[in-house]
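**Q** Quick one: this structure, given as structure tokens, is what I'll be asking you about.
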Amino acid sequence: MSHELPKTYDPSAIEVRWAEYWVAEKLFSVKTPEPGSAEAKKPIFTLLLPPPNVTGRLHMGHMLNQTEMDIIIRWKRMSGFLTLWLPGTDHAGIATQMMVERQLATEGKSRQKLGREAFLERVWEWKKLYGGAIQAQMKRLGASVDWDREYFTMDENLSRAVTEVFVRLHEQGLIYRGKYIVNWCPRCMTAISDLEVVHEDYAGKLYQIKYPLADDPTKFLTIATTRPETMLGDSAVAVNPKDERYTKLVGKKLRLPLTDREIPIIADDYADPQFGSGAVKVTPTHDPNDFQIGLRHNLAQINIMDDQARINENGGSYAGLDRYEAREKILRDLEEQGLLVGIKDHAYAIGKCDRCKTIVEPRLSTQWFIKIQPLADRAIEAVEKAEIKFTPENYAKTYFEWMRNIHDWCISRQLWWGHRIPAWHCSKCSEITVARTAPEKCAKCGNSKLEQDHDVLDTWFSSGLLPFTAFGWPEKTRDLDVFYPTTLLLTGFDILFFWVARMIMLGCHFMADHPQGSVPFQNVYIHALVRDAERQKMSKTKGNVIDPIGVTEKYGTDAVRFTLASMASPGTDIAFSESRTDGYRAFANKIWNAARFMFMNLDRVNTAGSSPASLTAGADEAQLSKLENRWIYSRFNRVAGEVNQSLTDYRFDEAANTIYKFFWGEFCDWYLEIIKPSLLGSPEEARGALTILGEVFEGSLRLLSPLMPFITEEVWHAMYDGKPPAKSIALAGYPQREERWINDQAEEQVAVLQDLIEKVRNMRAEMKVEPKVKTPLQVHAAADIQKLVNENRDMVERLASVDGIEFVNASLAQKPGARTTPKFEVALVYEQKVDIAAERERMTKELSKLETELANADRQLGNEQFLAKAPPAVVEGIRRRQGELHGLIEKLKTGLAQLG
RNA sequence: GGGCGAUUAGCUCAGCUGGUUAGAGCGCCUGCCUUACAAGCAGGAUGUCCGCGGUUCGAGUCCGUGAUCGCCCACCA
Numbered sequence: 046m047s048h049e050l051p052k053t054y055d056p057s058a059i060e061v062r063w064a065e066y067w068v069a070e071k072l073f074s075v076k077t078p079e080p081g082s083a084e085a086k087k088p089i090f091t092l093l094l095p096p097p098n099v100t101g102r103l104h105m106g107h108m109l110n111q112t113e114m115d116i117i118i119r120w121k122r123m124s125g126f127l128t129l130w131l132p133g134t135d136h137a138g139i140a141t142q143m144m145v146e147r148q149l150a151t152e153g154k155s156r157q158k159l160g161r162e163a164f165l166e167r168v169w170e171w172k173k174l175y176g177g178a179i180q181a182q183m184k185r186l187g188a189s190v191d192w193d194r195e196y197f198t199m200d201e202n203l204s205r206a207v208t209e210v211f212v213r214l215h216e217q218g219l220i221y222r223g224k225y226i227v228n229w230c231p232r233c234m235t236a237i238s239d240l241e242v243v244h245e246d247y248a249g250k251l252y253q254i255k256y257p258l259a260d261d262p263t264k265f266l267t268i269a270t271t272r273p274e275t276m277l278g279d280s281a282v283a284v285n286p287k288d289e290r291y292t293k294l295v296g297k298k299l300r301l302p303l304t305d306r307e308i309p310i311i312a313d314d315y316a317d318p319q320f321g322s323g324a325v326k327v328t329p330t331h332d333p334n335d336f337q338i339g340l341r342h343n344l345a346q347i348n349i350m351d352d353q354a355r356i357n358e359n360g361g362s363y364a365g366l367d368r369y370e371a372r373e374k375i376l377r378d379l380e381e382q383g384l385l386v387g388i389k390d391h392a393y394a395i396g397k398c399d400r401c402k403t404i405v406e407p408r409l410s411t412q413w414f415i416k417i418q419p420l421a422d423r424a425i426e427a428v429e430k431a432e433i434k435f436t437p438e439n440y441a442k443t444y445f446e447w448m449r450n451i452h453d454w455c456i457s458r459q460l461w462w463g464h465r466i467p468a469w470h471c472s473k474c475s476e477i478t479v480a481r482t483a484p485e486k487c488a489k490c491g492n493s494k495l496e497q498d499h500d501v502l503d504t505w506f507s508s509g510l511l512p513f514t515a516f517g518w519p520e521k522t523r524d525l526d527v528f529y530p531t532t533l534l535l536t537g538f539d540i541l542f543f544w545v546a547r548m549i550m551l552g553c554h555f556m557a558d559h560p561q562g563s564v565p566f567q568n569v570y571i572h573a574l575v576r577d578a579e580r581q582k583m584s585k586t587k588g589n590v591i592d593p594i595g596v597t598e599k600y601g602t603d604a605v606r607f608t609l610a611s612m613a614s615p616g617t618d619i620a621f622s623e624s625r626t627d628g629y630r631a632f633a634n635k636i637w638n639a640a641r642f643m644f645m646n647l648d649r650v651n652t653a654g655s656s657p658a659s660l661t662a663g664a665d666e667a668q669l670s671k672l673e674n675r676w677i678y679s680r681f682n683r684v685a686g687e688v689n690q691s692l693t694d695y696r697f698d699e700a701a702n703t704i705y706k707f708f709w710g711e712f713c714d715w716y717l718e719i720i721k722p723s724l725l726g727s728p729e730e731a732r733g734a735l736t737i738l739g740e741v742f743e744g745s746l747r748l749l750s751p752l753m754p755f756i757t758e759e760v761w762h763a764m765y766d767g768k769p770p771a772k773s774i775a776l777a778g779y780p781q782r783e784e785r786w787i788n789d790q791a792e793e794q795v796a797v798l799q800d801l802i803e804k805v806r807n808m809r810a811e812m813k814v815e816p817k818v819k820t821p822l823q824v825h826a827a828a829d830i831q832k833l834v835n836e837n838r839d840m841v842e843r844l845a846s847v848d849g850i851e852f853v854n855a856s857l858a859q860k861p862g863a864r865t866t867p868k869f870e871v872a873l874v875y876e877q878k879v880d881i882a883a884e885r886e887r888m889t890k891e892l893s894k895l896e897t898e899l900a901n902a903d904r905q906l907g908n909e910q911f912l913a914k915a916p917p918a919v920v921e922g923i924r925r926r927q928g929e930l931h932g933l934i935e936k937l938k939t940g941l942a943q944l945g
């Protein structure tokens, strides 16, 4: 079988093949290990699958999630760790419900007319339709997901668990039902939680309105409001008790304009004497603050709007008007009556529905709530005590900030897609029974006509249960024993509060007795987010609007993945840089060609030689006497150690850059160049060289594999000639640093040779030596350097285009164009004259740089404070450098003098 | 209004606990199709590390302050 790879690197062909292979070989399936076994003690990961948007395309931010997830999966797999793929709960459901409702509206139908069952059936159909695109993309990335069963978790198990959680919380007094002001979306016709309200700056107006006193209509109290329409529901006007202007008025009545009602003037601290007139209208049904004031003063609750935010029958002649139509009319009417006394520009924030961007209406309604404080306290403690650690750490601050200002969580939604609240209403006595299964009859009056609550639960309620329900809770399962808590949660900050915080609260609460600890995960890695295509305005001005699928097709998944990893430094968002992706595609191409080069030589040896060569049979020990082999082994192991450390620290950027520099800058640029003569030499010699080359190449592929899974898989399989030791490179174990191969001396020696070669190349370029012309070289150096150069004479001559090396005893410093370093002086023997002016400029520049440096060193070393306080290693380093600088400067000066 | 973060080469970004000469990719300049790779090779140029003040023997790095930009949270009419 031939080892040949196609001449051209074509990522798409490779990707399709291996993605299909991984799925077919079930590389992503998970087995539950024996409890207590070594396998069970390995880290476990919670990977949140981000919600797809309704069009079925992935957002760039989500794409990153997925890509990084994949990196983690594959990295951990290679480390021999178990990876667990957890299904996400169903976030697309509500969006889909909205789409279906919109469609029904065009057909003149509604969900109420259609009925619950038929409606849910239609939602389900849509979800399957749009889910297909996501599934395809996941397959492309090598993930296998049983779409119907795992992704849409409206299954019986989860339903049972959700009910169980609800009932238990209710029994513990942590769930209550009450009339409160909630955020109401008049378009979705449901309550939404605080987090689902997005605030936007709004250039509004502040209206000043006169309310006449009831017993003296010639006198007025002026209030200020941004929402005049709500005055129809006013129950009072509040002034601050310390506000002396109004002390006498407290307790008196006002006539509420446009209505026939009288309302009291009350004293409440909420009123700010500095704002407006210091008097504020109180509308308990349409403002959360006013609601609280209303409770304190036992005010009437007059709801003036229906569920679509139209004025209801309590609004008198305004009934039936939309809230904004009503505002216009009310303002006109007030103006006619001379009661509108001022309009000012006033910027404030308005809340909009996260999904449909309709302006949210605070609305008094009966909802289910979770008493959040006890849960939040424990969740705060878990992070304070470092039971859960955030990376980057500063997200803990954000988390605390939110947790400490948390409000009770409204969990009921007036939607149909979701888990229904397990509460039953008695048609006779209105008693509410919360139960695991439908009760036969009312516990209070015995009536058998009971109806289940129509509301469903907030999706984040069930999502928040995921860390334990996914393992079969409330049953005591082996999975729960083994997998809870997981080691790492990987996610973006955008769902820190929605999901992460709630998983922590609910996990700590329900898993309090768990032997391995109650927290749902021990580490949270918050990765950077690529700017979302949704935020087009911002993105366009920054020039970072990109189509992830297009980019992937253009550069290959490996290049895109590598780019995202290399830019994933913690703490900041990523602006996707196409030019960098282009660069990493070139890197993939480099790998490809290096592999082709290796295979080419292998085939040559196998054709010419008497015995076959192998890339994977193990190193030929005799080869290790060669400097370049000791060097590359040392470098490889050092790099492996660094990469492992970076990955442990979640520094994917460092890991990527380290591998990149090693593979391209050392392995390809130097090692392959150095060993070319051996590869092209006798079959025996080439066979030996190939064993080392094969080992280092194979190890490099494994090192790279998490960042570029497709190309590494392809080349790796080719190296094993169709008989790999594992089904996938991902299963082959990750390279670790092996101390015995670390060789400082070899690294130092090669560094000197590299420096020498570079100096010669530099001189040649400067003197404009024809590339094909080889020039003799003079070297002045200590005996050990001479010995080193002599032993590697061929290498230096070849890589630096040198014809003969002469060691000289006299310094070369005065020779025009010569180069001096602390370890050697080197000059070309070349008749063509150097450009004196350019040479003088170069040397003068060099000299001034060195002199500045020397001045610095002198100053520091002359400073007793520095000598006393700086670490010895630093002092020693500067002292040594000072010695070098003296020598270098001396020689440069000599050289300059020589130039005249 | 509260909190968090950013500002380093023309562009996109690294620079970990303060320590010798601030880096990478792309772009740019010069020369090379050297038999793995022109998606390449060799060489090269480019920085008031946002401003100001401070701590320190020493600051891109720590502190304060100002400017600009961004994000998150938020019930002040």
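Residue numbers (the working numbering): 46 to 945.
Note that CB positions come from ideal geometry on N, CA and C, so glycine has one too.
Small disclaimer: the values here were computed from a predicted structure and weren't measured.
1. Is the distance from the Cβ of P560 to the Cβ of M548 below 9 Å?
2. Identify, in the order they occur along the chain, each residue of the same chain with its Cβ nearer than 7 Å to the Cβ of P51, setting aside the five sequence neighbours on each side.
3. Could you check the C-alpha separation between E170 and P273 for me, to the nearest Å?
4. Of the choices T626, A354, L344, V145, whose alpha-carbon is the least far from that of N228?
5. So who's on the other strand from L266, going by DSSP bridges?
6. By DSSP, does R864 sit in helix, in strand, or in coil?
7. For G928, report the span of its alpha helix (DSSP H) as first-last.
8. Would the beta-carbon of I456 fall within 9 Å of that of F506?
9. Can you list, in chain order, the residues of its chain whose CB lies under 6 Å from that of A371, leaving out five sequence neighbours each side?
10. What residue from P754, L301, E718 has the CA that sits closest to V841's CA?
11. Using the three-state DSSP reduction, which class does R62 fall into: helix, strand or coil?
12. Classify H331 as buried or exposed, calling it buried when 16 or more other Cβ atoms lie within 10 Å of its own Cβ.
13. Can you tell which of W676, Q382, N439, P419 has its C-alpha closest to the C-alpha of H572?
14. Which residues does DSSP pair with H244 in a beta bridge?
15. Per DSSP, which residues does T411 bridge with? Please list them.
16. With DSSP as the reference, please indicate the residues paired to T531 in a beta bridge.
17. Taking the DSSP output, what are the residues bridged to C455?
18. E730 by DSSP, collapsed to three states: which one?
19. Quick one: grab the DSSP three-state call for G537.
20. Please report the distance separating the alpha-carbon of K894 from that of R926.
21. Helix, strand or coil for D191 per DSSP?
22. What is the rounded straight-line gap between the Cα of A913 and the Cα of A900?
23. Taking DSSP's pairing of strands, which residues face V327 in a bridge?
24. How would you label R838, buried or exposed, when you count the other beta carbons within 10 angstroms and need 16 or more for buried?
25. Check whether the stretch 676-691 touches the stretch 737-750, counting contact only when three or more Cβ pairs, one atom from each stretch, lie closer than 8 Å.
26. Between the stretch 298-306 and the stretch 251-263, are three or more C-beta pairs nearer than 8 Å?
27. Going by beta carbon distance, what residues of the same chain come within less than 6 Å of T112, once the five residues before and after it are set aside?
28. Quick check: what's the CA-CA separation for E162 versus Q567?
29. Just how far apart, CA to CA, sit R156 and N285?
30. Which same chain residues end up closer than 7 Å to D351 when comparing Cβ atoms and leaving out the 5 residues on each side of it in sequence?
31. Determine, using beta-carbon pairs with one atom in the stretch 203-214 and one in the stretch 337-351, whether at least three such pairs fall under 8 Å.
32. When you compare each of Y600, T403, M276 to V242 by their alpha carbons, which one comes out closest?
33. For K914, report the span of its alpha helix (DSSP H) as first-last.
34. By a C-beta neighbour count over all protein chains shown, 10 Å radius and 16 as the cutoff for buried, is S611 buried or exposed?
35. For the stretch 524-542 and the stretch 478-490, state whether three or more C-beta atom pairs, one from each stretch, are separated by less than 8 Å.
36. Can you tell which of T866, K860, V818, L857 has the C-alpha that lies nearest to the C-alpha of V797?
**A** Per the coordinate set shown:
1. no
2. none
3. 44 Å
4. A354
5. Y256
6. strand
7. 917-944
8. yes
9. E274, I356, Y363
10. E718
11. helix
12. buried
13. N439
14. G396
15. K224
16. F566
17. F414
18. helix
19. strand
20. 14 Å
21. Low confidence applies here, because D191 scores a pLDDT of 39, under 50, leaving its location unreliable and the question unanswered by this model.
22. 19 Å
23. A281
24. exposed
25. yes
26. yes
27. Reliability fails at T112, whose pLDDT of 38 lies under 50, so the model's placement of it is uncertain and the value that follows must be treated cautiously. Taken in chain order, the residues that qualify are R606, L609.
28. 41 Å
29. 48 Å
30. N357
31. no
32. T403
33. 909-914
34. buried
35. no
36. T866
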